[in-house]
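J.: Residue numbers (this note's numbering): 308 to 409.
Just so it is clear, CB atoms sit at the ideal spot from N, CA and C, and this is done for glycine as well.
I'd like to ask some things about the structure below.
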């Protein structure tokens, strides 16, 4: 898959047999448990990427596929941001060289 292309999020439905509580799924593989406010931010979205989930009786539920998709998309967003930042730095360095400050 081309790493510059965002994919559509997996569909999370209340009838999905693979649903698990989001807070238990999101603690796997992480060095420490994310705070409730962090999980809330992930559910609401960061840089246009939302964790696909469904709220059932006051608790957020999601699937492992949705969690994996979310972290892949967040990583992609971070890489694209770093690339844009590096391009800006390169242009800035070039401009500084032209006027003799570097």
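If you draw a straight line from the alpha carbon of residue 362 to that of residue 328, how long is it in whole angstroms?
T.: Using only the alpha carbons, I get a separation of about 10 Å.
J.: Going residue by residue through the segment 321-353, where are the continuous alpha helix (DSSP H) segments of at least 4 residues, counting only ones entirely within it?
T.: Those alpha helix (DSSP H) runs which fall completely within the segment 321-353 and span 4+ residues are 329-332 and 343-351.
J.: Which residues in the same chain as residue 366 place their Cβ atom closer than 7 Å to its Cβ, once the five residues preceding and following it in sequence are excluded?
T.: Same-chain partners within the cutoff: 328.
J.: Helix, strand or coil for residue 364, going by three-state DSSP, please let me know.
T.: Coil.
J.: Would you call the CB atoms of residue 376 and residue 324 closer than 7 Å?
T.: No, the Cβ-Cβ distance between residue 376 and residue 324 is not below 7 Å.
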